[in-house]
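Undergrad: One structure, as structure tokens, below. Some questions next.
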Amino acid sequence: MAIKITDECINCGACEPECPNNAIYEGAVDWKASDGTSLQGTITMPSGLTVDADSAQEPVSDDVYFIVTDKCTECKGFHEEPQCAAVCPVDCCVPDEDHVESEEALLNKKAFLHGE
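For the sequence shown, UniProt numbering assigns the number 1 to the initial residue and increments by one for each residue that follows.
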């Protein structure tokens with residue numbers, strides 16, 4: 001399953017540079033599918049959302065840092081554990097029960113994001 005950031009986030013930013021997929025953004029900041037990935041042109045994200053990889057998408061949260069579910073692989077294929085959760089000083093990076101994915105699905109998502 002993907003990781004989510006709860007409202008307990010203190011906006012310290014410790015998690016953002018740790019994400020190998022650039023899936024973490026500061027609150028109220030637009031995101032792009034191409035940020036930190038090899039995605040180009042019109043693509044269909046794992047959730048079925050079709051976007052231009054380089055066009056700005058609306059923020060998921062305006063108040064706290066957020067994780068783009070379609071870009072989160074729980075660090076599978078990069079690290080043993082989700083790095084955002086490992087560095088979060090207030091333990092607000094938690095599994096997202098609304099987006100449960102198998103290890104195989106997460107590794108397939110990693111391959112999709114990075115053109116492997």
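Yeah, the Cβ is synthetic: ideal placement off N, Cα and C, and Gly gets one too. From a predicted model like this one, the values you see are computed outputs, not experimental measurements.
#1: Is it buried or exposed for L49, if we count other Cβ within 10 angstroms and need 16 for buried?
#2: Counting C-beta neighbours from all protein chains within 10 Å, is the total for residue 118 16 or more, i.e. buried, or is it exposed?
#3: Can you name, in chain order, every residue of its own chain whose Cβ lies under 7 Å from the Cβ of C15, other than the five neighbours on each side?
#4: Relative to the C-alpha of G13, which residue among D91, D98, K109, A105 is closest?
#5: Since V94 is in the beta strand (DSSP E), which residue starts that stretch and which ends it?
#6: Given K76, which residues of its chain have a CB within under 7 Å of its CB, disregarding the five upstream and five downstream residues?
#7: Under a three-way DSSP split, which group does T73 fall into?
#8: Among residues of its own chain, excluding the 5 on either side of P20, which ones have a beta-carbon nearer than 7 Å to its beta-carbon?
#9: Nearest to Q40 by CA position, among K32, P59, T6, is which residue?
#10: Using three-state DSSP, classify Q57 as helix, strand or coil.
#11: Taking the alpha helix (DSSP H) that K110 belongs to, which residues open and close that run?
#12: Leaving out five residues before and five after E58 in sequence, what residues of the same chain have Cβ atoms less than 8 Å from its Cβ?
TA: The relevant details are as follows:
#1: Answer is exposed; the Cβ neighbour count stays below 16.
#2: The structure shown does not extend to residue 118, since the chain is modelled only from 1 to 116, so the question has no answer here.
#3: Once the five neighbours on either side are set aside, the close Cβ partners of C15 are I24, Y65, C84, V87, C88, C93.
#4: Nearest C-alpha to G13: D91.
#5: Unbroken beta strand (DSSP E) run through V94: 93-95.
#6: Within the same chain, K76 has close Cβ partners E103, L106, L107, K110.
#7: In the three-state scheme derived from DSSP, where H, G and I count as helix and E and B as strand, T73 is classed as coil.
#8: Within the same chain, and ignoring the five residues on either side of P20 in sequence, the residues whose Cβ sits closer than 7 Å to its Cβ are C75, F78.
#9: Measuring from the Cα of Q40, the nearest candidate turns out to be K32.
#10: In the structure shown, Q57 sits in a strand (DSSP, three-state: E or B).
#11: Its alpha helix (DSSP H) spans residues 103-114.
#12: Excluding its 5 nearest sequence neighbours in each direction, E58 has C-beta neighbours in its own chain below 8 Å: D30, listed in chain order.
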